[in-house]
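If you read the sequences in order, they're chains S, V, P, A, W and H. UniProt numbering numbers the first residue of the first sequence as 1 and each following residue consecutively. UniProt numbering numbers the first residue of the second sequence as 1 and each following residue consecutively. UniProt numbering numbers the first residue of the third sequence as 1 and each following residue consecutively. UniProt numbering numbers the first residue of the fourth sequence as 1 and each following residue consecutively. UniProt numbering numbers the first residue of the fifth sequence as 1 and each following residue consecutively. UniProt numbering numbers the first residue of the sixth sequence as 1 and each following residue consecutively. A short worksheet on the structure shown next.
There are 6 protein chains.
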Amino acid sequence: MDAKKLMDYKVDEAMDLFVLLKNADARVAKNGKRFLSITFEDESGEISGMYWDASDADVASFVAGKVVKLTGKRELYQGKAQIKIQSIRLATDNEPNDPSYFVPHAPEKRKDIKEEIEAFLFDITEPTWNRIVRNLLQRHAESFYTYPAAKTNHHAYAGGLSFHTLSILRLAKSVVGEYPGINAPLLYAGAILHDIGKTTELSGPVSTQYTTTGNLIGHISLIDGEIVSACDELKLDSQGDAVVLLRHMVLSHHGLFEYGSPVEPHMLEAEILHRLDELDASIMMIQGTLKNTPNGQFSERIFGLDNRKFYKE
Amino acid sequence: MDAKKLMDYKVDEAMDLFVLLKNADARVAKNGKRFLSITFEDESGEISGMYWDASDADVASFVAGKVVKLTGKRELYQGKAQIKIQSIRLATDNEPNDPSYFVPHAPEKRKDIKEEIEAFLFDITEPTWNRIVRNLLQRHAESFYTYPAAKTNHHAYAGGLSFHTLSILRLAKSVVGEYPGINAPLLYAGAILHDIGKTTELSGPVSTQYTTTGNLIGHISLIDGEIVSACDELKLDSQGDAVVLLRHMVLSHHGLFEYGSPVEPHMLEAEILHRLDELDASIMMIQGTLKNTPNGQFSERIFGLDNRKFYKE
Amino acid sequence: MDAKKLMDYKVDEAMDLFVLLKNADARVAKNGKRFLSITFEDESGEISGMYWDASDADVASFVAGKVVKLTGKRELYQGKAQIKIQSIRLATDNEPNDPSYFVPHAPEKRKDIKEEIEAFLFDITEPTWNRIVRNLLQRHAESFYTYPAAKTNHHAYAGGLSFHTLSILRLAKSVVGEYPGINAPLLYAGAILHDIGKTTELSGPVSTQYTTTGNLIGHISLIDGEIVSACDELKLDSQGDAVVLLRHMVLSHHGLFEYGSPVEPHMLEAEILHRLDELDASIMMIQGTLKNTPNGQFSERIFGLDNRKFYKE
Amino acid sequence: MDAKKLMDYKVDEAMDLFVLLKNADARVAKNGKRFLSITFEDESGEISGMYWDASDADVASFVAGKVVKLTGKRELYQGKAQIKIQSIRLATDNEPNDPSYFVPHAPEKRKDIKEEIEAFLFDITEPTWNRIVRNLLQRHAESFYTYPAAKTNHHAYAGGLSFHTLSILRLAKSVVGEYPGINAPLLYAGAILHDIGKTTELSGPVSTQYTTTGNLIGHISLIDGEIVSACDELKLDSQGDAVVLLRHMVLSHHGLFEYGSPVEPHMLEAEILHRLDELDASIMMIQGTLKNTPNGQFSERIFGLDNRKFYKE
Amino acid sequence: MDAKKLMDYKVDEAMDLFVLLKNADARVAKNGKRFLSITFEDESGEISGMYWDASDADVASFVAGKVVKLTGKRELYQGKAQIKIQSIRLATDNEPNDPSYFVPHAPEKRKDIKEEIEAFLFDITEPTWNRIVRNLLQRHAESFYTYPAAKTNHHAYAGGLSFHTLSILRLAKSVVGEYPGINAPLLYAGAILHDIGKTTELSGPVSTQYTTTGNLIGHISLIDGEIVSACDELKLDSQGDAVVLLRHMVLSHHGLFEYGSPVEPHMLEAEILHRLDELDASIMMIQGTLKNTPNGQFSERIFGLDNRKFYKE
Amino acid sequence: MDAKKLMDYKVDEAMDLFVLLKNADARVAKNGKRFLSITFEDESGEISGMYWDASDADVASFVAGKVVKLTGKRELYQGKAQIKIQSIRLATDNEPNDPSYFVPHAPEKRKDIKEEIEAFLFDITEPTWNRIVRNLLQRHAESFYTYPAAKTNHHAYAGGLSFHTLSILRLAKSVVGEYPGINAPLLYAGAILHDIGKTTELSGPVSTQYTTTGNLIGHISLIDGEIVSACDELKLDSQGDAVVLLRHMVLSHHGLFEYGSPVEPHMLEAEILHRLDELDASIMMIQGTLKNTPNGQFSERIFGLDNRKFYKE
């Protein structure tokens, strides 16, 4: 076994490594025997393969979220990479078996992201907003820095939620510097909180799914409800003037009713937050897609950007 | 002075009665003198008139929401009814001066509406929903039965909010009786709460306006936040299973993102609540408009119904 | 052979029963031999299976709409139920071979539906409407009570057309009882006629398809044309006042141009009919889909409801 | 009195002529006296004026649709032409008093239009279509050649309906000549019938309004119903093959559901009819608007063409 | 070998002919061997087939755009025609090997199309437009008469671009003849130039693809840029009055922003060009689709016509 | 006369100053005499007033774009500020009479804006783009720094075009600094050129109107055409690789077809330019509107932002 990552292997090269089972669906073949259709994943990307003649025990063991030791070979099938599996077994306690180690991560370190975000707290000079933001960062101290920002699309990797938040804060700082008259504390407080509801809407960084609560309430109303709850705990009036402004920031950040905001932006800072959110997401989606696009060609179409394809110089 | 209502007077008939100032705007005439453009209102309807040569004291006294003693004459101007004002003065404490007495009211008695709505509480057999509904009815014990359901459009009269709620409950009961398998407690709980946020979104039954909080948060997120707050008070988990279903009912009741719901209906009961809400509102808007339409003609266009006009047989 | 229905058999259980061929498509396998891809159906539901090595005679005999004696076994293939066919043969005249017996039916008895609908005729007190409705019910005496209301979606079963009509009439009666001032005879007459054009638009209860006439004219204009034709027969003026109102009811019942109505509702009763039509259809679609959804999960997406999925408690 | 038309008079020139009252609204002036706000019209165009101090008899006599003898003067008021009225009186039986003489007319003679349209009947070689078209042209022998094609917009003049029909037939003939394989009889039959329902939808060539029947049924369903009625009279099956194709032509001629067609075009000839209908209407709207536009400038915006304005070279 | 075309062979008939490789994709079969999935094409249409066990040399030789000698047999697979390939080899220099010979062609001769288009130059009597049109026809003397008008959809065959242009010119001539007051030179000049940018947007008549330049600029801006460039060459002001009108014609010919026009039509002639462009394209799309539709049935849905299907009598 | 600006005067205060005539419309009063309805403007804002009994000479002299000496008084009329004019006369050559001096200006100095924009040229390291940008800045050396960016809405003041351009460049620099992998030279070149076509689309900084060329071609195609023209002058291929990318930047900068871009962004840099353009415009529109909004209230609705109103804290 070697230190190679999943995507480092070439066609016909023998593979021997630890990888995560991102998906593992049990099916029945035409001959009546069961097999597993598996997607393997590590930080470098993902590839699929078939595990034939799966026993009941195999079906029970090899489920999404488990780390396995894989031997096999990389092959081409109908123009796509796939793995011909020789053997798989679960990683033991003495081996690397922490799933979170195998999912892609934000491009900066969790500790650095956390420090830089928390530095913005000093610029949130309005006490009500400052207390609410601190309270909610506390509640989600762990998940905020480990969750992705989405199931697919942009920032769909461990730590993506906080990295997306930080990217917006950095843009916000530039805007505050360029245009006089912006309420910076409000903009920063709204930016930090705007997507925290995703820690409830999504299931976590590994094999990310929408939760039932996420589907029925949505991250926008979830964070709005949490602000109310924080106010109750901090003995603040959840319909008081300052709180209403902050709630407006998070409620309106999708910009349009059609995108799920129950109110559209009616403050300068809300408009800016909405636009910076979209700007950062767009850049991430395009750069993520162009990574897999050869020079001089167009990428696949990006669903989140009106199904447009992008040209790579 | 007599017991006639505002709309009972005929053209050229002398008027002498107490009425409410619905609006009173101070303007400057071409000759440089100030005058007040006033809209008078009582239960029977509303008519406008000009109060010429208004003194500073007049401008300060005669403001929207005050009851006045009016003498004058009903006239026709460019085909429209108007009042030629002889005199107005504020009603004294010994005279009828309660503004709420002069605004239009729901067609049934507040006491009856209240009793019939509260009877539904016994059908909300799920304890979590029952406690939350009781808690919020308590909080808004006064305003829920006095507020209108809208600034204009349907149910725009004192008590309109609770009467609209009751009308939906009655329809809901018919639907529950006709179709097996509906979760009646959830449907009734959602119906009672769905518009209570309007007690914060609107300013009240007299001279109804949208509040700043209403504009920045909206009645859907307001009631969702109040459910969270009620949970905090009742020591319930605001993201627990039963509460999530109830929150979904109120969050989705506008049916479409475009109409301000942050989630669309994803439960049978949520779909039914949304459709009954629209059905009741449509009937009210059409009947309200047809009241002023001659037989054999089409009404004015109704903005809330795609600008359609309706034929009166 | 036993009295079990199609869906009563378990995996690996031997089957021996009469069923309907809902579809039977002849195809050529990779080895060059023909086979039939069959969907079997009875009241309990439907399952598919392959009939290998089909002779010319097989292809000619086993066509959609025939009842067959089937022996075989229920199996699982790629997570879906399917039938491994041992033998099929056409049902003889001495055996159950009436296809209409094998298609799903409305949840109430045809006789009861008919009686309850006809009882409403006594409430259609306007003579012109009454005569037209009776004339058209007469014309479609058979098909109105046997046709489905749709090819797929809601009420897509034998008798669905009349059951859908009755469900709307029941709702309409509740609305008439709750709101004063509704023209009940017009509402009931419109409700009974609104979808009768489907007896021409659709091919019938077995293997339902759109007819060419249905595709080129549509059930809305078909019923409008039939009202004209009934007027010609009854010596009524098809552009007379009462007839115009009834025609408006059926022409506008889809509510929006986008849904195929050549006029939008311009009468209170037309608006109500449209909304009750949608309400009943929505409940049927959701309940039909939830029947196959496990508790605590979301259903498949429903095309007719903006592709939304619904949560089953 | 002279032979000048309404628009021939210059500013400050004394006027003395017979004209039509297109509109005449009674109003009350600030001084309490009634006056009539009148729009005068003849073939050359229309101008407005005020008739002060109108007696009860005046209000009763001077109504829309009457021809009057007018003396007065053309003036400019706020940049617009208006008439200062000296006197008006009704035209007597010995004077020109036929209103239809004073409305704008189609640019070709009624007799020529009729002959050219009827010549197309010989190209409708399918007997069913031929009989239906002849039957309906017979029914509307008078109105088809005198009605406008619209209340405003394109062809809003006496004879506009038949002239619009003829223009489409001419275009259709070119298309049939250029593209092989078009069913010319079907295209011509559909073209002749497509707008005949407007003889019921509109009130007539003078002071054109939508009728109640027009508003509740619409000209598309009206003509479809008349085809059914013609079939009943001619003992043809109104759901027979040939009739279904013809009905499809008229039902689909607005092209899109949004424009009021209950079915969209599903035949080559239906698609062509729809497009030629729009092409002719567009040219008429633009040319009508450009007539009043100075060279080198943009016209007013045209509502029927997405509110676009057009440049006049 | 015989003179039969690809589509002339019946099922099970042996084939021996020269055909074009329209597509040839190399894939790997389940057994690990490579095969080519090929689409053959000649003027009569196209059929697919599999070429098993392809060597490296085969994959390198048999690429899209090559003419091959094919022997094999026509078969049916899953209801669709396919070719069982016995052998293929590249056509030699002594054999028919010009790919352009095998692609479908316009239904009229290139020489005739060219002559008829160039005859219109004499009707472009405005000298600026005449010089620009001649200059650009010169630049694209070859490609204009060989390119298709689209990758798929209408006129997707060699010469389709010029044939589509000619069809519009013919319609334009009819319109000019029927309606007085149209600027014929402007309409004809715009019609000739409107789609010439496709000679850069598309790759050519064989295996037509969008070019990178086509994707990034689009044929509308390409031809607008070429008009500027022609002006520079001819020493004309590219923002002069006459040029601005011509540029408006080509820029607005898609009619709506949504269809890629940067300005909507603001001249009568631009509106006409847009509508004739759509009319010709619609007829071509429908007739092309109906060619493969049996009588009495509906065609496949046509994407370019709102996904409608068309009935073939 | 004093140094006060137009908006510095209080109600009833006598005025004596030089101002610009922004608009001056001649009308006829009810008494038949002509008057001028004038809008006065200087850097501080604008107010209207009536100039009664205007002679022919007055109408000829006092036209939009002239500077006048005004004496009068500020008054209130129907709640709005207006000027009671005592006298106006044209400013002489010895007095301040340069209109451009009286229109609002960008908030930074023209010289500074120019220097900062030109500094970006050094970062456009790709020689083709650099040469084209320099060539076009040269062509519009004067107008680029004096024109507004719009007729109304954002940056509708002298120098607004270049200030808007600079604001985008500043934002672009921040984005380039935050996200690795952006082609900065392309982004800067696109940003500088994107709106230069407005120097032809608009009439200039005083009494700004759309030109005929602007209406028929639009600033997007105008600048695209100018790039082609610059290439012709610089002997560059206007369809060469580098030029195509630059043309794509300016063609796609409105982001959506609906907003007038003939292609949507298909490059990362094009997407960023589009979003920064909208971000800067939004901030300018909101801040401009909030300037006239009292604290604690909502602004007027902003047309360019979906008719939303904005709250001022």
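Here a beta-carbon is modelled for each residue, glycine too, at the ideal position from N, C-alpha and C. Note that this is a predicted model, so its numbers are computed, not measured.
- Within chain A, no C-beta atom comes less than 8 Å from the C-beta of V:Phe120; the nearest is roughly 39 Å away.
- Residue environment for P:Arg89: exposed (fewer than 16 other C-beta atoms within 10 angstroms of its C-beta).
- Taking a cut-off of 8 Å on C-beta distances, the region 1 to 11 of chain P does not touch the region 34 to 53 of chain W, as fewer than three cross pairs fall below it.
- S:Pro127 counts as exposed, since fewer than 16 other beta carbons sit within 10 angstroms of its beta carbon.
- The beta carbons of W:Val19 and W:Phe102 sit about 6 Å from each other, so the pair counts as a contact at 8 Å.
- For W:Arg27, the uninterrupted beta strand (DSSP E) run begins and ends at Ala14 to Val28, by DSSP.
- Checking the DSSP bridge columns, you'll see P:Gly204 has no partner listed.
- Separation of S:Gly304 and V:Ile182 (C-alpha to C-alpha, rounded to the nearest whole angstrom) is 37 Å.
- At a beta-carbon threshold of 7 Å, the residues of chain H lying near W:Asn215 are His266, ordered along the chain.
- Each residue's CA atom was taken as its position, placing A:Trp129 and A:Ala242 some 7 Å apart.
- Within 10 angstroms of the beta-carbon of W:Val244 lie 16 or more other beta-carbons, which makes it buried.
- With respect to the C-alpha of W:Ile283, the residue from A:Ser162, A:Asp12 and A:Glu178 having the closest C-alpha is A:Glu178.
- The DSSP-derived three-state label of V:Glu75 is strand.
- The alpha helix (DSSP H) runs lying completely inside the UniProt domain "OB" (30 to 90) of chain W and spanning 4 residues or more are 56 to 61, given in chain order.
- In the three-state reduction of the DSSP assignment, A:Phe298 falls in the strand class.
- If you compare the alpha carbons of H:Ser143, H:Asp8, H:Gly65 and H:Val175 with that of H:Ile272, the shortest gap goes to H:Val175.
- The C-beta of W:Tyr311 comes closer than 8 Å to at least one C-beta of chain P.
- The alpha-carbon separation between W:Val59 and S:Tyr77 amounts to approximately 16 Å.
- A straight-line Cα-Cα distance of about 21 Å links A:Ser100 and A:Gly197.
- For W:Ile192, the closest of W:Asp277, W:Ser44 and W:Ala91 by C-alpha to C-alpha distance is W:Asp277.
- Below the 7 Å Cβ cutoff, chain H contributes Val28 as neighbours of A:Tyr77, in chain order.
- Listed as beta-bridge partners of V:Tyr210 by DSSP are V:Leu202.
- Restricted to the region 199 to 284 of chain P, the alpha helix (DSSP H) segments that are unbroken, complete and at least 4 residues in length are 212 to 234 and 241 to 251, listed in chain order.
- One Cα belongs to A:Ser238, the other to P:Ser229, and the distance between them is close to 9 Å.
- With contacts defined as CB atoms closer than 8 Å, P:Ala172 and P:Leu161 fail to qualify as a contacting pair.
- For W:Phe298, the closest Cβ of chain P is nearer than 8 Å.
- The C-beta separation of P:Glu46 from P:Lys73 comes to about 17 Å, leaving the pair out of contact by the 8 Å criterion.
- With a cut-off of 8 Å on Cβ pairs, the region 257 to 265 of chain V is in contact with the region 256 to 269 of chain S, counting three or more such pairs.
- About 13 Å separates the beta carbons of V:Leu246 and V:Ile220, which is beyond the 8 Å limit, so they are not a contact pair.
- Taking every protein chain shown into account, the CB of S:Glu41 has 16 or more other CB atoms within 10 angstroms, so this residue is buried.
- By the neighbour-count definition (other C-beta atoms within 10 Å, threshold 16), A:Thr152 is an exposed residue.
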